[in-house]
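**Q**
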Amino acid sequence: MEVPKIHNLIPMVIESTNRGERSFDIYSRLLRDRIVFIGTPIDDQVANVA
């Protein structure tokens, strides 16, 4: 018996403008709006990562 393979699906967002439609993966769209999720509290060490 084979184990089914699970593929990671990344949600897509479709943006409609007067110039047409464009699709983005959700992470690119959030980054464009400067929405960033950080998994740890911001301290001096994290804030200075280059």
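Here the working numbering is used: the first residue of the sequence shown is 2, the next is one more, and so on.
Note that CB positions come from ideal geometry on N, CA and C, so glycine has one too.
(1) If contacts are defined as beta-carbon pairs under 8 Å, then I11 and I27 qualify, I think. What distance do you get, rounded to the angstrom?
(2) For G40, which residues from the same chain have a beta carbon less than 7 Å from its beta carbon, with the 5 sequence-adjacent residues on both sides left out?
(3) Can you tell me the Cα-Cα spacing of E22 and V4, whole angstroms?
(4) By alpha-carbon positions, which one of V47, N49, R30 ends up nearest to E16?
(5) Closest by CA to D34, which one among H8, K6, V14?
**A** So, to answer that:
(1) 7 Å
(2) none
(3) 38 Å
(4) R30
(5) V14
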